[in-house]
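*Asks:* In the working numbering, the protein residues as written are 1352 to 1630.
Take a look at this one; I'll ask things after.
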Amino acid sequence: MTFATRFAPSPTGPLHLGHAYSAILAHDMARAAGGLFHLRIDDIDQSRARREWDAQIRDDLAWLGLTWDSPVERQSTHFGSYRAAIDALAARGLAYPCSCTRRDIEAAASAPQEGAPQFGPDGRIYPGTCRGRPMSGARDSDAIRLDLSRCTAPELAFTETGPAHAGTHIVTLDALKRDVGDPVLARPNMAASYHLSIVLDDAAQGITHVVRGEDLFEATWIQRLLQHLLDLPTPTYHHHALIRDDTGKRLAKRDDARAIARYRDEGATPADIRRMVGL
Ligand code: GLU
């Protein structure tokens, strides 16, 4: 299979040094392997996505010297495939609508079993309040969740090549139930959750290697289960270290000071950016 990777930014702010690192690393890995590098704009959250960021992102990546091997994909054109996947899971009795607000979840989870974790990679572990609600009663204001108690799965493996967690990892349903809780498949007014959208898109684009920041390592557990349930291939994962500011804090979209566009304006070259991120 041809090595294929992608950079998949959300167009909700400027690219900063952390994005540049992720994009250059993925691009260089693809080129070194004689493979493909794709650019996907993850604009699933239409309330926050902006066309001007989309344009700026492509401009910054081209300035960095990156080239991509297919027309730019946009998640906003894939809503039909997300809907079909949710319908397929619902038809198997694995999905339910959930009307719980953050506050409801907090209140219901306020008396946890002793020793049980309260937070997982997807935030507070959902206590299952809406489990069993029929999909026919779903309202626009509901989220859709995956019912882990009705899923069946063998031990699921994935391979990680990033520095912090290199090796083979095993995901089990028991661990997901304990450490994650019923994952969200779609948020209110959004076609799909981050997890569902990217496993579908990565499979559709033939992505063999997912290169992304270490903060998403644990998200892989949920994504691995979704791949199993939807009969999708599992890529190899490479979670890289995060670029941090001088105080050790990871860079965020609002760190305009570290925006690539700002460095460009100040006369930096693409080689300077590579040096700054240690490449
Ligand atoms: N759009 C996601 C992000 O910007 C992609 C993450 C991923 O690579 O899975 O965080």
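Each residue gets a CB set at the ideal place from its N, CA and C atoms; glycine is no exception.
Measuring only from the beta carbon, is P1360 closer than 7 Å to any heavy atom that is part of ligand 1?
*Replies:* Correct: P1360 has its Cβ closer than 7 Å to ligand 1.
*Asks:* Let me know if I1392 comes out buried or exposed under the rule of 16 or more other beta-carbons within 10 Å of its beta-carbon.
*Replies:* Buried is the call here.
*Asks:* Out of D1582, R1496 and C1451, which one is the CA nearest neighbour of A1504?
*Replies:* Ranking the options by Cα distance to A1504, first place goes to D1582.
*Asks:* So, helix, strand or coil for Y1447, using DSSP?
*Replies:* The answer is strand: DSSP assigns Y1447 an E or B state.
*Asks:* What residues are listed by DSSP as bridge partners for E1511?
*Replies:* Looking at the DSSP assignment, E1511 forms a beta bridge with G1518 and Y1588.
*Asks:* Are R1484 and Y1447 touching if we call contact CB-CB under 8 Å?
*Replies:* The answer is yes: Cβ separation under 8 Å.
*Asks:* Using the Cα positions of A1406 and T1428, report the straight-line distance between them to the nearest angstrom.
*Replies:* Approximately 17 Å between the Cα atoms of the pair.
*Asks:* Measuring alpha carbon to alpha carbon, tell me which residue in R1563, G1564, R1490 and K1600 is nearest N1540.
*Replies:* Nearest of R1563, G1564, R1490 and K1600 to N1540, Cα basis: R1490.
*Asks:* With DSSP run on the structure shown, which of helix, strand or coil describes L1499?
*Replies:* Of the three classes helix, strand and coil, the one that applies to L1499 here is helix, per DSSP.
*Asks:* So, Y1588 versus G1513, is the Cβ gap smaller than 8 Å?
*Replies:* Yes, the pair counts as a contact, with Cβ atoms nearer than the cut-off.
*Asks:* Let me check one thing: in DSSP terms, what residues is T1418 bridge-paired to?
*Replies:* In the DSSP output, where bridge partners are listed per residue, T1418 has none listed.
*Asks:* With a threshold of 16 other CB atoms inside 10 Å of the CB of E1403, please say whether the residue is buried or exposed.
*Replies:* Flag for E1403 reads exposed.
*Asks:* Starting from I1437 and walking both ways along the beta strand (DSSP E), at which residues does that stretch end?
*Replies:* Element bounds for I1437: not the beta strand (DSSP E) but the alpha helix (DSSP H), F1430 to A1442.
*Asks:* What do you reckon, are the CB atoms on I1495 and E1506 nearer than 8 Å?
*Replies:* No, these two residues do not count as a Cβ contact at 8 Å.
*Asks:* Who does H1389 pair with in a DSSP beta bridge?
*Replies:* According to DSSP, H1389 bridges with R1357.
*Asks:* Where do the N-terminal and C-terminal ends of the alpha helix (DSSP H) with A1371 fall, by residue?
*Replies:* Counting along the chain, the alpha helix (DSSP H) containing A1371 begins and ends at L1368 to A1383.
*Asks:* Excluding sequence positions up to five away, which residues of its chain have a Cβ less than 7 Å from the Cβ of I1594?
*Replies:* Within the same chain, I1594 has close Cβ partners L1368, G1369, Y1372, L1602 and V1628.
*Asks:* If the criterion is Cβ atoms closer than 8 Å, does the pair W1414 and P1621 meet it?
*Replies:* Yes, the Cβ-Cβ distance between W1414 and P1621 is below 8 Å.
*Asks:* Specify the secondary structure class of V1550 as computed by DSSP and reduced to three states.
*Replies:* Here V1550 sits in helix by DSSP.
*Asks:* Please tell me whether, using a cut-off of 7 Å, the distance from the CB of L1551 to the nearest non-hydrogen atom of ligand 1 is below it.
*Replies:* Flag unset: Cβ of L1551 not near ligand 1.
*Asks:* Apart from the five residues on each side of it in sequence, which residues of its chain come closer than 6 Å, Cβ to Cβ, to D1411?
*Replies:* Here the set comprises L1366 and I1611.
*Asks:* State whether the region 1467-1482 contacts the region 1526-1533, with contact taken as three or more CB pairs (one from each stretch) at a distance under 8 Å.
*Replies:* Judged by Cβ distances under 8 Å, the region 1467-1482 makes contact with the region 1526-1533, as three or more pairs qualify.
*Asks:* What does the alpha-carbon distance come out to for the pair L1499 and T1523?
*Replies:* Their Cα atoms are separated by approximately 11 Å.
*Asks:* Given that a residue counts as buried once 16 or more other Cβ atoms are within 10 Å of its Cβ, and exposed if not, what is L1630?
*Replies:* Exposed.
*Asks:* Are L1527 and W1572 touching if we call contact CB-CB under 8 Å?
*Replies:* Yes, Cβ-Cβ distance for L1527 and W1572 is below 8 Å.
*Asks:* Tell me which residues share the same chain as R1542 and place their Cβ nearer than 6 Å to its Cβ, disregarding the 5 neighbours each side in the sequence.
*Replies:* Here residue 1542 is Ala; the residue named in the question, Arg, does not match the sequence. Taken in chain order, the residues that qualify are F1430 and Y1433.
*Asks:* Does the Cβ-Cβ distance between T1480 and C1451 come in under 8 Å?
*Replies:* Yes, the Cβ-Cβ distance between T1480 and C1451 is below 8 Å.
*Asks:* Taking DSSP as the reference, what is the three-state secondary structure of A1494?
*Replies:* Strand.
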